[in-house]
Amino acid sequence: MTSAESGHPVTGQRDSRLSADHLVIGYEDTAVIADLSVDVLDGRITAIVGPNACGKSTLLRGFARLLKPSGGQVILDGHDIGSLHTKEVARRLGLLPQTSIAPEGITVADLVSRGRFPHQKVLRQWSRSDDEAVAEAMRCTGVCELSGRLVDELSGGQRQRVWVAMVLAQQTPLVLLDEPTTYLDIAHQVELLDLFAMLNREQDRTVVAVLHDLNHACRYADQIIAMKSGSIVAQGDPKSVITEELVEAVYGLKCQIIDDPQTGTPLVVPRASPHVRART
Amino acid sequence: MTITQNDTAGVTFGRRQCVIRIGNVSARASWRAIIVVAALLVGAFAIAVVAVGLGKYTVAPADVLGVLTGSNTSFDRVVVLEWRMPRMLMALLIGSTLGISGAIFQALTRNALGSPDIIGVTSGAYTGALIVIAGIGGGYYAVAAGALIGGLVTAVLVYALSYRNGLAGFRLIVVGIAVSAVVNSVNQWIIIKIDFHTAVTASVWQQGTLSGQSWSQALPMTVCLVVMAAFLVAMGPQLPVLQMGDDAAGALGVRPDRARLAYLVVGVGLVALACAAAGPISFVALAAPQIARRLTASPGVGLVPSAVMGAVLLLVSDVIAQQVFSGSELPVGAVTVSLGGAYLIYLLISQARQR
């Protein structure tokens, strides 16, 4: 665990670098999440799952201190995240937002290099380590051959990889992903998730992702946090969390859980409704 | 010290980059942007040298250069340095002030139409200045303070009226145009109500004019501009990061609301500065950042190219204003409105096509 240079230390040692402690958070007057505590496993992949509007994105935005808690706190490296300098947080924790805007006429390399912002100073705008981090991030995500292209001209899958490269150039040990696979076709979804798995295994980055697809969550995550109505219903490894009872309780969906023939992780198969004809 | 001409280590930016590193100090810019800015500076100097010699008493460009280097000590010296140079310099300073403010507002609204002269800030600054003139009679600093307050009130009003779960650029512009219309009629009402002599001065000034500039105005203008530019440099390049959306900016270590407020205050301050010196000159703030962006082929509007482009635009407009009708000169604002009006039509059509 690295020691923080500023901020108020929090009493009581935590095991993980990032955690939520009795967190109350939401938008304006409505608390989406009331009193939630959770530890993110270091060096692992954590998936946050749950139905629409269950507060999973809100929790992630709280972790990235994009939302200010109205109660409790998010703790990063033993300090209340709100008390840390914002650039210091950005050197430890990166986020791939759900919606982002590529400025008109920006090239891939230009966009990726903006991930270096938290490492730059007024007089140090482009050091050698900036160069190296951007080159490395583009190599990892396989966008080197696109580097001079305009972001506007890319396909959805390519564009998402470029944004991931931007987050990687930030060189943070913690990476948060807000529904990274939305709007991508199945091949690009798998490709991107494989990339996150590689980042976790080879570069030892802690990954926290909000995911819609339970089967993806089971296959890629070490820890699953299942949420409903702003609280955690279950957490743990995929096998113990994703059960037929839990899926029905959280999503109201009757299903059958079988083993993923490729990985042995749970595979959620929704029960067929009477309107669906069985074909043999 | 190293200056890298070619693409940086393993990273191809698509456009040739210039990287300068001296010890721990480093910077990067595209060569195209550097060349465009340099060319505009040279162009501005050349135009200024020729234009400063024009008028009833003409001075040849070579003699103007002689005055500048000190070798020409004839009456030309008085004409160039005392009579015409302050106005020339003010055109450059005010032009760059407007260019920077336009770039800030367009970046904040993420829209080429989001410039202070479209969204009412310039008109609001003029209202503030008018109230000061009508109420306590004027004085550069009092007028500047009035313009600053008027501009800020209008900006906050537009911001508040268009804010709904975050800031949407296009809604802000529509609200801004409406507020601008209201503020303009308030300005007309004030001009009708005040006494005749003040009203005549005020309505000439309403166009935006550079006539009657002297060294006593150039000095405070320069100081204020340098202070605000230093503040912008100290803020670091947060503006490009803000343009990536609030979530991405927040994750990269910028506090979007706080940064936006700081830029808004500086942007309004620049508008007020220009307004107090020369009245509400329109369209330079609108056009300069976009022309500069296209010339430099850079993503988003840049502060430095916009400043230089604004300086050139206002200088050229002022030369036209002084020379186009022999005998009587136009207010420079009339020229910028005519040039800018054509540009605005082009901009509206191209934005409407995108939608």
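One line per chain: the protein sequences are A and B, in this order.
When you read off a place in the first sequence, starting at 1, and then add 1226, the result is the number in the numbering used here.
When you read off a place in the second sequence, starting at 1, and then add 4, the result is the number in the numbering used here.
By construction, the Cβ of each residue, glycine as well, lies at the ideal position given by its N, Cα and C atoms.
It should be emphasised that the depicted structure is a prediction, and the values quoted were computed from it without experimental measurement.
Opening and closing residue of the alpha helix (DSSP H) in which residue i lies
i: T131 of chain B; result: 125 to 140
i: R1340 of chain A; result: R1340 of chain A -> no alpha helix (DSSP H), and no H or E assigned at all.
i: A1504 of chain A; result: It is not in any alpha helix (DSSP H) - A1504 of chain A carries neither H nor E in the DSSP assignment.
i: D1247 of chain A; result: Premise fails: D1247 of chain A lies in the beta strand (DSSP E), 1244 to 1253, not in any alpha helix (DSSP H).
i: G254 of chain B; result: 250 to 255
i: T205 of chain B; result: 200 to 211
i: V312 of chain B; result: 307 to 327
i: V189 of chain B; result: Here residue 189 of chain B is Ser; the residue named in the question, Val, does not match the sequence. Unbroken alpha helix (DSSP H) run through S189 of chain B: 173 to 197.
i: E1418 of chain A; result: Residue identity differs from the one stated: residue 1418 of chain A is Leu in this sequence, not Glu. 1412 to 1429 is the span of the alpha helix (DSSP H), which, as asked, contains L1418 of chain A.
Under 8 Å between C-beta atoms of residue i and residue j
i: L1479 of chain A; j: V1275 of chain A; result: no
i: K1454 of chain A; j: V1436 of chain A; result: no
i: D1303 of chain A; j: D1265 of chain A; result: no
i: D1306 of chain A; j: T1432 of chain A; result: no
i: P244 of chain B; j: G304 of chain B; result: yes
i: P293 of chain B; j: V41 of chain B; result: no
i: V56 of chain B; j: V46 of chain B; result: no
i: A151 of chain B; j: Q221 of chain B; result: no
i: P1344 of chain A; j: G257 of chain B; result: yes
i: A234 of chain B; j: G103 of chain B; result: no
i: R1387 of chain A; j: G1374 of chain A; result: no
i: S1245 of chain A; j: I1301 of chain A; result: yes
i: V183 of chain B; j: V162 of chain B; result: yes
i: A1452 of chain A; j: L1421 of chain A; result: no
i: V15 of chain B; j: D1357 of chain A; result: yes
i: V157 of chain B; j: G128 of chain B; result: yes
i: G154 of chain B; j: G180 of chain B; result: no
i: S1215 of chain A; j: L1249 of chain A; result: Residue 1215 of chain A cannot be examined here, being either before or after the span of chain A that is shown, 1227 to 1506.
i: A338 of chain B; j: A325 of chain B; result: yes
i: L44 of chain B; j: V237 of chain B; result: no
i: G1320 of chain A; j: V1377 of chain A; result: no
i: K1465 of chain A; j: P1492 of chain A; result: yes
i: Q1396 of chain A; j: G1341 of chain A; result: yes
i: Q1482 of chain A; j: E1470 of chain A; result: yes
i: I195 of chain B; j: A185 of chain B; result: no
Terminal residues of the beta strand (DSSP E) in which residue i lies
i: C1280 of chain A; result: Taken as a continuous stretch (DSSP letters only), C1280 of chain A belongs to no beta strand (DSSP E), as it is neither H nor E.
i: A1460 of chain A; result: 1457 to 1462
i: G271 of chain B; result: Run containing G271 of chain B: none in the beta strand (DSSP E); it sits in the alpha helix (DSSP H), 260 to 282.
i: P1496 of chain A; result: 1492 to 1496
i: Q1488 of chain A; result: It is not in any beta strand (DSSP E) - Q1488 of chain A carries neither H nor E in the DSSP assignment.
i: T158 of chain B; result: That residue, T158 of chain B, is in no beta strand (DSSP E); its alpha helix (DSSP H) goes 144 to 166.
i: I1451 of chain A; result: 1449 to 1454
i: I25 of chain B; result: The amino acid at residue 25 of chain B is misidentified as Ile; the sequence shows Arg. Run containing R25 of chain B: 21 to 26, per the beta strand (DSSP E) assignment.
i: I1259 of chain A; result: 1256 to 1265
i: L1479 of chain A; result: Looking at the DSSP string, L1479 of chain A is not in any beta strand (DSSP E), and its letter there is neither H nor E.
i: V1434 of chain A; result: 1432 to 1436
Counted within 10 angstroms of its Cβ, other Cβ atoms place residue i as buried (16 or more) or exposed
i: F287 of chain B; result: buried
i: A50 of chain B; result: exposed
i: Q1346 of chain A; result: buried
i: E1528 of chain A; result: Not covered by the structure: residue 1528 of chain A. The range shown for chain A is 1227 to 1506.
i: D250 of chain B; result: buried
i: P335 of chain B; result: buried
i: T1228 of chain A; result: Note that T1228 of chain A scores a pLDDT of 41, beneath 50, so its modelled location is shaky; the value from the coordinates is reported in the next line. Looking at its Cβ environment, which holds fewer than 16 other Cβ atoms inside 10 Å, T1228 of chain A is exposed.
i: F329 of chain B; result: exposed
i: W209 of chain B; result: buried
i: G331 of chain B; result: exposed
i: N191 of chain B; result: buried
i: W193 of chain B; result: exposed
i: F17 of chain B; result: buried
i: M1424 of chain A; result: exposed
i: C22 of chain B; result: buried
i: T1489 of chain A; result: exposed
i: V1338 of chain A; result: buried
i: A1279 of chain A; result: exposed
i: T1506 of chain A; result: exposed
Near the ligand FMN: residue i beta-carbon under 7 Å from a heavy atom
i: L246 of chain B; result: What this structure holds is no ligand at all, so the ligand FMN is not there to describe.
Would you mind listing the alpha helix (DSSP H) stretches within the segment 35 to 96 of chain B that are 4+ residues and don't spill past its ends, in chain order?
Counting only runs of 4 or more, we get 35 to 55, 65 to 73.
Could you tell me which whole alpha helix (DSSP H) segments of length 4 or greater appear in the segment 1325 to 1406 of chain A?
1334 to 1339, 1354 to 1366, 1382 to 1395
Could you please tell me which residues of the segment 221 to 246 of chain B, in chain order, have their CB closer than 9 Å to any CB of chain A?
Within the segment 221 to 246 of chain B, the residues whose Cβ lies closer than 9 Å to some Cβ of chain A are V237, A238, M239, G240, P241, Q242, P244, V245, listed in chain order.
Listed in chain order, which residues of the segment 17 to 32 of chain B have Cβ atoms closer than 9 Å to some Cβ of chain A?
For the segment 17 to 32 of chain B, the set of residues with a beta-carbon nearer than 9 Å to any beta-carbon of chain A comprises F17, G18, R19, Q21, V23, I24, R25, N28, V29, S30, A31, R32, in chain order.
Let me know the alpha helix (DSSP H) ranges lying completely inside the segment 213 to 248 of chain B, each 4 residues or longer, listed in chain order.
219 to 239, 242 to 246
What residues in the segment 1372 to 1396 of chain A bring their beta carbon closer than 9 Å to a beta carbon of chain B?
The residues in question are S1373, G1374, R1375, L1376, V1377, W1389, M1392, V1393, Q1396.
Name, going along the chain, the residues of the segment 309 to 322 of chain B whose beta-carbon falls closer than 7 Å to a beta-carbon of chain A.
none
What residues from the segment 283 to 305 of chain B come within 8 Å of chain A, judged by C-beta to C-beta, listed N to C?
R297, A301, S302, P303, G304
Pull out every residue of the segment 1311 to 1334 of chain A whose Cβ sits closer than 9 Å to any Cβ of chain B, in chain order.
Of all residues in the segment 1311 to 1334 of chain A, H1311, T1312, K1313, E1314, V1315, A1316, R1317, L1319, G1320, L1321, L1322, P1323, Q1324, T1325, S1326, I1327, A1328, P1329, E1330, G1331, I1332, T1333, V1334 have a Cβ within less than 9 Å of some Cβ in chain B.
When Cβ atoms are compared, which residues of the segment 254 to 278 of chain B fall closer than 8 Å to chain A?
G254, A255, L256, G257, V258, R259
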